[in-house]
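Peer 1: The structure that follows is given in the form of structure tokens.
2 protein chains.
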Amino acid sequence: MTQFNQSRVPVPTLGRLATYLRVLSDLERTHVQTISSAEMERQTGINAAQFRKDLSYFGEFGKPGVGYTVVELQDRITRILKIDRRQPVILVGAGNLGSALVGYPGFQENQMELVAVFDNNPAKVGTVIHNLTIQDFRSVKELNQQLHARIAIIAVPAVGVQRVADDLVHSGIKAILNFAPATLRVPEDVAVRNVSFMQELAVLSYHTSGKLMAPDVLPPSNK
Amino acid sequence: MTQFNQSRVPVPTLGRLATYLRVLSDLERTHVQTISSAEMERQTGINAAQFRKDLSYFGEFGKPGVGYTVVELQDRITRILKIDRRQPVILVGAGNLGSALVGYPGFQENQMELVAVFDNNPAKVGTVIHNLTIQDFRSVKELNQQLHARIAIIAVPAVGVQRVADDLVHSGIKAILNFAPATLRVPEDVAVRNVSFMQELAVLSYHTSGKLMAPDVLPPSNK
DNA sequence: TGCTGTGAATTAGTTCACAGCG
DNA sequence: CGCTGTGAACTAATTCACAGCA
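If you read the sequences in order, they're chains A and B. In the working numbering, each residue carries its 1-based index in the first sequence increased by 598. In the working numbering, each residue carries its 1-based index in the second sequence increased by 598.
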């Protein structure tokens, strides 16, 4: 029964789709043709039923008695995540972290193309990192009229980050990956995901030398 | 396979505690004495009842009609998260990302002390970044007998990351923050949290130009 | 009165269990 | 058969709603 469960997809499902994609790439590289949900569980630690259910939100993909065709599933997931074609991404903040991100491999692998880097520090503007010239953040709106990026990464200090977010929203950005330790206020139609190292470390710290068990042993914390 | 800790503190609660701590620091700096759950909601986007419930797992902290004493709450949360004293942390991988992390401010703020950096690249061993000399990863077990770190950050490529994790576990590490896009297999008593930029970007990509709403608008994704 | 603390209700997410197809 | 796809059962997490206290 191919009914597109267009009813809301759980957010954690989307994160897991990216994990499946990673495994599928490995399988493709080693010329494996098909994979069953049980084998996917072995590779990722994610429950086999969970894998099947995650896919079921988007239609039917597998062949009973056989499993899933690697390349076909890969193709479907990339289309679901809209990374079947290049996604332009802009980065704000060319500090330690921002600069490290520019050189991060894996953008390419996931069809994410970093198309511009911005900073507000005049000393940095004009400098080149990894083939990209750092632009003045004040020109973000104007430049994004050409670039058409819908995704932005924020890697600036917490102070002033709200202003940065506001300007990005006015530049047409619809999704923000925020590394600054601050809560952003954005319109309803803009998605935000926060990455906080310190928060992650704090959670881990809680578990050290406690009598408490690890919350998730094998499975990745796919939020 | 995902078995949860026998205590009934939800994992997301721990992440939010770190967020509250951030707000409390700001308040302390500006000499604010008390804060109500409603005001905390305004500052973080986290529901006021959620805030109260999060704290209730650990006892009673507030004064009815008044709110919470900033410094007292700060003190209690740091003790809960075991960051009331310095937590030694070791880092594996001195590449782009690893190096950026070494210079990250906020370790100090959260009483996390980066005490050693390791790499397996002989060209890097001996080099200094931010006052820390890069050590040969093969000496991690030996060195950690002095350092007594229980928390490690992994910032190496996906290939070989399982070996790194195994060695860390044998060196007494009980909590791992993993930046490599791979699923780690570790003993039950070792906690792992995965940070995957590409996964986060994939989730955001899904939300671009779709008719679907952002999953969490104001509240930080404290998963 | 203005707030906290918390059972109860609700919503979200995961896993089970099995019908049914190739 | 061996596998998928999915309603049903379950478990986790959030939010409501209100009693009770300073």
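Beta carbons: idealized from backbone N, C-alpha and C, even for Gly.
Along the chain, where does the alpha helix (DSSP H) containing B/V793 start, and where does it finish?
Peer 2: Walking along the second sequence from the start, residue 793 of chain B turns up at place 195. Unbroken run through B/V793: none, as it is neither H nor E.
Peer 1: Using a Cβ-Cβ distance cut-off of 8 Å, determine whether B/S623 contacts chain A.
Peer 2: Taking the first residue of the second sequence as 1, we reach residue 623 of chain B at position 25. Answer no: the Cβ-Cβ gap between B/S623 and chain A never drops below 8 Å.
Peer 1: I'd like the ranges of any alpha helix (DSSP H) spanning at least 4 consecutive residues and lying wholly in the region 620-680 of chain A.
Peer 2: For the region 620-680 of chain A, whole alpha helix (DSSP H) runs of length 4 or above, ordered along the chain, are 635-642, 646-654, 668-678.
Peer 1: Flag B/I644 as yes when its Cβ comes closer than 7 Å to any non-hydrogen atom of the ligand HEM, and as no otherwise.
Peer 2: No copy of the ligand HEM appears in this structure; indeed no ligand is present at all.
Peer 1: I'd like to know whether the C-beta of A/Y702 is nearer than 8 Å to at least one C-beta of chain B.
Peer 2: For the purposes of this step, residue 702 of chain A is identified with residue 104 of the first sequence, where counting begins at 1. So yes, A/Y702 belongs to the interface.
Peer 1: Three Cβ pairs or more, each shorter than 8 Å: is that satisfied between the region 794-810 of chain B and the region 752-770 of chain B?
Peer 2: Segments in contact, no.
Peer 1: Around the C-beta of B/P736, are 16 or more other C-beta atoms found within 10 angstroms, so that it is buried, or is it exposed?
Peer 2: Start at 1 with the first residue of the second sequence, and residue 736 of chain B comes out as number 138. Here residue 736 of chain B turns out to be Arg, not Pro, going by the sequence shown. That one is exposed.
Peer 1: Exposed or buried, what is A/A747 when buried is set at 16 or more other beta-carbons lying within 10 Å of its beta-carbon?
Peer 2: Taking the first residue of the first sequence as 1, we reach residue 747 of chain A at position 149. The residue is buried, with at least 16 neighbouring Cβ atoms inside 10 Å.
Peer 1: Comparing C-alpha positions only, which one of A/T676, A/L730, A/V669 sits nearest to A/A692?
Peer 2: Looking up residue 692 of chain A in the first sequence gives position 94. Ranking A/T676, A/L730, A/V669 by Cα distance to A/A692 puts A/L730 first.
Peer 1: List, in order along the chain, the chain B residues whose C-beta lies closer than 8 Å to that of A/V793?
Peer 2: Taking the first residue of the first sequence as 1, we reach residue 793 of chain A at position 195. Neighbours of A/V793 on chain B, chain order: V793, F795, E798.
Peer 1: Return the CA-CA distance between B/L612 and A/Y804, expressed in angstroms with no decimal places.
Peer 2: Here the question's residue 612 of chain B lines up with position 14 in the second sequence. Here the question's residue 804 of chain A lines up with position 206 in the first sequence. Whole-angstrom Cα-Cα distance: 8 Å.
Peer 1: So what does DSSP say about A/E707, is it helix, strand or coil?
Peer 2: By 1-based counting over the first sequence, the position of residue 707 of chain A is 109. Correct three-state label for A/E707: coil.
Peer 1: Quick one: using the 10 Å Cβ neighbour count with 16 as the cut-off for buried, is B/V726 buried or exposed?
Peer 2: Here residue 726 of chain B corresponds to residue number 128 of the second sequence, with the count starting at 1. Its Cβ having fewer than 16 others within 10 Å, B/V726 is exposed.
Peer 1: Check whether the region 631-640 of chain B touches the region 664-676 of chain B, counting contact only when three or more Cβ pairs, one atom from each stretch, lie closer than 8 Å.
Peer 2: Yes, the region 631-640 of chain B touches the region 664-676 of chain B.
Peer 1: Mind checking B/K661: buried by the 16 CB within 10 Å criterion, or exposed?
Peer 2: Translated into the one-based positions of the second sequence, residue 661 of chain B becomes position 63. Per the 10 Å Cβ criterion, exposed.
Peer 1: Under 9 Å Cβ-Cβ, which residues of chain A neighbour B/I678?
Peer 2: What you label residue 678 of chain B is simply residue 80 of the second sequence in a count that begins at 1. Going along chain A in sequence order, the residues near B/I678 (Cβ under 9 Å) are Y804.
Peer 1: What would DSSP say about A/L612, mapped onto helix, strand or coil?
Peer 2: Here residue 612 of chain A refers to the residue found at position 14 when the first sequence is read from its first residue. DSSP places A/L612 in helix when its eight states are reduced to three.
Peer 1: So that I know if they touch, is there some Cβ in chain A lying closer than 8 Å to that of B/T642?
Peer 2: Locating residue 642 of chain B in the second sequence gives position 44, counting from the first residue. So yes, B/T642 belongs to the interface.
Peer 1: By Cβ distance, which residues of its chain are closer than 8 Å to A/D695, with the 5 residues on each side in sequence left out?
Peer 2: In the first sequence, counting from the first residue as 1, residue 695 of chain A sits at position 97. According to the sequence displayed, residue 695 of chain A carries Leu and not Asp. The residues are A753, F777.
Peer 1: May I ask which residues mark the beginning and end of the beta strand (DSSP E) holding A/L782?
Peer 2: Start at 1 with the first residue of the first sequence, and residue 782 of chain A comes out as number 184. No beta strand (DSSP E) holds A/L782; DSSP gives it neither H nor E.
Peer 1: Taking B/Q685 as the query, report the chain A residues whose CB atoms sit under 7 Å from its CB, ordered along the chain.
Peer 2: Sequence index remark: in the second sequence, residue 685 of chain B carries index 87 (1-based). Result: S803.
Peer 1: Taking the alpha carbon of A/V757 as the reference point, which residue from A/E786, A/A780, A/N719 has its own alpha carbon closest?
Peer 2: Position 159 of the first sequence holds residue 757 of chain A. Selected option, being the one with the closest Cα: A/A780.
Peer 1: Tell me whether A/T628 is buried or exposed, calling it buried when 16 or more other Cβ atoms sit within 10 Å of its Cβ.
Peer 2: Here residue 628 of chain A refers to the residue found at position 30 when the first sequence is read from its first residue. Its Cβ having fewer than 16 others within 10 Å, A/T628 is exposed.
Peer 1: Can you confirm whether A/K722, when its beta carbon is compared against all beta carbons of chain B, has any partner nearer than 8 Å?
Peer 2: As a working mapping, residue 722 of chain A is identified with position 124 in the first sequence. No, A/K722 lies away from the interface with chain B (no Cβ there is under 8 Å from its Cβ).
Peer 1: Can you say whether A/V788 is buried or exposed, counting buried as having 16 or more other CB atoms within 10 angstroms of its CB?
Peer 2: Against the first sequence, residue 788 of chain A aligns to sequence position 190. It counts as buried.
Peer 1: Would you mind reading off the limits of the beta strand (DSSP E) that contains A/D734?
Peer 2: One-based indexing of the first sequence puts residue 734 of chain A at position 136. Element bounds for A/D734: 730-734.
Peer 1: Buried or exposed: B/L615, going by 16 or more other Cβ atoms within 10 Å of its Cβ?
Peer 2: Here residue 615 of chain B is taken as the residue at index 17 of the second sequence, counted from 1. Classification for B/L615: buried.
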